[in-house]
Amino acid sequence: MDSVCPEVEQVADAIASMETRGAATIADAAAGALAAQAEWIETEDPEAFRAAMRAAARTLADTRPTAVSLPNALRYVLHGMHGGTVSDLRTSVVTRAEAFRTDLDRAQGRLGRVGAGRLRDGDTVMTHCHSTAAVAVVRAAVEQGKHVEAYVKETRPRNQGHITAKELRELGVPVTLIVDNAAHRFLDECDHVIVGADSIAADGSVINKVGTSGLAVLARERGVPVMVAAGTLKLHPDTLTGQAVEIEQRAEREVIDDESREEIGEITVRNPAFDVTPPRHLDAIVTEKGQFPPESIVSLMRELYGDQVDEPWSE
Ligand code: RI2
Numbered sequence: 002m003d004s005v006c007p008e009v010e011q012v013a014d015a016i017a018s019m020e021t022r023g024a025a026t027i028a029d030a031a032a033g034a035l036a037a038q039a040e041w042i043e044t045e046d047p048e049a050f051r052a053a054m055r056a057a058a059r060t061l062a063d064t065r066p067t068a069v070s071l072p073n074a075l076r077y078v079l080h081g082m083h084g085g086t087v088s089d090l091r092t093s094v095v096t097r098a099e100a101f102r103t104d105l106d107r108a109q110g111r112l113g114r115v116g117a118g119r120l121r122d123g124d125t126v127m128t129h130c131h132s133t134a135a136v137a138v139v140r141a142a143v144e145q146g147k148h149v150e151a152y153v154k155e156t157r158p159r160n161q162g163h164i165t166a167k168e169l170r171e172l173g174v175p176v177t178l179i180v181d182n183a184a185h186r187f188l189d190e191c192d193h194v195i196v197g198a199d200s201i202a203a204d205g206s207v208i209n210k211v212g213t214s215g216l217a218v219l220a221r222e223r224g225v226p227v228m229v230a231a232g233t234l235k236l237h238p239d240t241l242t243g244q245a246v247e248i249e250q251r252a253e254r255e256v257i258d259d260e261s262r263e264e265i266g267e268i269t270v271r272n273p274a275f276d277v278t279p280p281r282h283l284d285a286i287v288t289e290k291g292q293f294p295p296e297s298i299v300s301l302m303r304e305l306y307g308d309q310v311d312e313p314w315s316e
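Going by the working numbering, the sequence shown opens with residue 2, and the numbers climb by one from there.
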């Protein structure tokens, strides 16, 4: 028997290729895949069931290294796996995965409303990349009847700003799409920068799509507050013990196609997907549990995750 079901393989491939992307969306898909695995495993042996669940979680964990929402989701579901029989184990995994996905959905709504509290009627925001949490903030503000406009950075190399532009248009928000290099030029017309997060470290540093740190420096220089919209699922418990967050390096072809590269001649290309913005360049981290000054996030991390740095899938 293969130990991993087709749905887990499909979800893992989609995450690795970024067809499924965005930290919260990745976590949601991973929890769903674990539930599918639990339904699929055919054994009466509880130990074999547990081993097959661990194999699925390993397959999912190995796809992308930076967004901690992925291991946090896997850990949450596997920690909820209880029972003496396969039937009990299966039910517990499916129930736990469902609870995870419902909580995630609620958290987005809550953090959106917390973030919207920072926006006034008539404000203009600047966004970077595409973050479901950042869009949730604008959505909540619009639902509160506030008029909000947006400058949307296209966000090379994969142009995820286009997704943001589309979603904000669907909310009726007037959108101006700009190239990344134009951010400084337009910041004077903005009241807030809103970005998401892939991981948040214990010192309040935020790891998000590459270009976030440069935008935060410019925003600080122009006096525009920077809001990070990120559920508590983005808190990286490993950083409590001093571990660094791994930054994913992606394919060189995302930056330059083969033909153009050939024409230029011998060059080195580097394509880190994320960068680290230090807490001093950020104003607030907005979560479903309220807003926090970045430096204070460590207390919330301790309260929610304690010493939970285990990897139950590698046991
Ligand atoms: P939400 C994305 O990473 C972006 O960096 C975005 O800000 C972050 O995930 C958080 O997204 P990628 O998957 O969880 O596009 O707010 O590399 O949707």
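Glycine included, every Cβ here is placed at the ideal spot set by N, Cα and C.
Predicted model only: the values in this text are computed from it and were never measured.
- Put simply, of Phe293, Gln38, Glu40, Leu112 the residue whose alpha carbon is nearest the alpha carbon of Leu283 is Phe293.
- Going by beta carbons, Ala137 and Leu112 fall inside the 8 Å limit.
- Positions of the alpha helix (DSSP H) runs, each at least 4 residues long and wholly inside the segment 119-150, are given as 133-144 in order along the chain.
- Taking the Cα positions, Ser300 is about 37 Å away from Val5.
- The C-alpha of Glu264 is placed about 55 Å away from the C-alpha of Gly81.
- In terms of Cβ geometry, Lys235 and Thr156 do not form a close pair [threshold 8 Å].
- It is roughly 39 Å from the alpha-carbon of Ala117 to the alpha-carbon of Glu40.
- Here Glu267 is exposed. Its C-beta has fewer than 16 other C-beta atoms within 10 Å.
- Note on His83: under 16 other CB atoms within 10 angstroms of its CB, so exposed under the neighbour-count rule.
- Asp204 has its alpha-carbon roughly 12 Å from the corresponding atom of Asp239.
- Scanning the segment 186-249 from its first residue to its last, the whole beta strand (DSSP E) runs of 3-plus residues come out as 193-196, 207-210, 227-230.
- If you compare the alpha carbons of Pro47, Asp122, Leu169, Ala231 with that of Lys147, the shortest gap goes to Asp122.
- Comparing alpha-carbon positions, the option among Thr64, Phe50, Glu296 lying closest to Ala15 turns out to be Thr64.
- Lys210 has its CB nearer than 7 Å to a heavy atom of the ligand RI2.
- Around the beta carbon of Arg107, a 10 Å sphere encloses fewer than 16 other beta carbons of the protein chains shown; the residue is thus reported as exposed.
- Taking all protein chains in view, the Cβ of Ser200 is crowded by 16 or more other Cβ atoms within 10 Å, so the residue is classified as buried.
- Two segments are said to touch when three or more pairs of C-beta atoms, one from each, lie closer than 8 Å; by this definition the segment 162-173 does not touch the segment 186-199.
- Taking C-beta atoms as the reference points, Arg59 and Ser315 count as a pair closer than 8 Å.
- Nearest to Met19 by alpha-carbon distance, out of Ala202, Arg251, Val87, is Arg251.
- Contact annotation: Ala28 and Val12 have beta-carbon atoms that are not nearer than 8 Å.
- Taking C-beta atoms under 8 Å as the contact rule, Ala25 and Thr133 qualify, at a distance of about 5 Å.
- With fewer than 16 other Cβ atoms from the protein chains shown falling within 10 Å of its own Cβ, Thr269 counts as exposed.
- With contacts defined by Cβ atoms closer than 8 Å, Val69 and Gln38 do not form a contacting pair.
- For Asp104, the enclosing alpha helix (DSSP H) covers residues 87-117.
- Shortest Cα-Cα distance from Glu289 to any of Arg254, Ala100, Thr233 involves Thr233.
- When C-alpha distances from Asp89 are compared across Ala56, Thr44, Pro72, the shortest belongs to Thr44.
- Looking only at Thr278, Lys154, Thr242, Gly197, the smallest Cα-Cα distance to Arg303 is reached by Thr242.
- The continuous alpha helix (DSSP H) containing Gly162 extends over residues 162-171.
- Ranked by Cα distance from Gly110, the first of Gln145, Asn182, Val310 is Gln145.
- With respect to the C-alpha of Pro72, the residue from Leu219, Ala32, Ala141 having the closest C-alpha is Ala32.
- About 5 Å separates the beta carbons of Ala220 and Val227, which is inside the 8 Å limit, making them a contact pair.
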